[in-house]
Amino acid sequence: MTGVSGGIPVPDLICARCDKPLEMRKVEASYLGQTFPVELPCCPSCGFVYVSEDLAYGRMLKVEQALEDK
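Take a look at the structure:
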């Protein structure tokens with residue numbers, strides 16, 4: 001995933017490496033050669049992107065399954 005600078009702070013989530021609050025940023029998620037623009041919490045310093053368990057096992061899983069079925 002790649003990020004874009006600037007974002008809304010997410011004070012409840014802190015980067016373990018940088019100890020800075022994550023910010024909501026537009027990033028690109030890629031799977032099986034397909035790229036999708038999404039907005040996810042990211043570290044403004046190191047670029048770490050946080051994907052919650054709910055998102056990973058919910059919407060992202062459904063998208064992965066749909067792409068694999070093509």
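Residue numbers (UniProt numbering): 1 to 70.
A virtual CB, placed ideally from N, CA and C, is assigned to each residue, including glycine.
All values reported here derive from a predicted model rather than from experimental measurement.
Counting only residues of its own chain and dropping the five nearest sequence neighbours on each side, Leu13 has a CB closer than 8 angstroms to the CB of Pro21, Leu22, Pro41 and Tyr50. As for any beta strand (DSSP E) of minimum length 3 sitting wholly inside the UniProt domain "DUF7479" (12-70), the runs are 21-31 and 34-42, ordered along the chain. Of the residues Cys18, Leu32 and Val10, the one whose Cα lies closest to the Cα of Asp69 is Leu32. Exposure of Arg17 is indicated by the presence of fewer than 16 other C-beta atoms within 10 angstroms of its C-beta.
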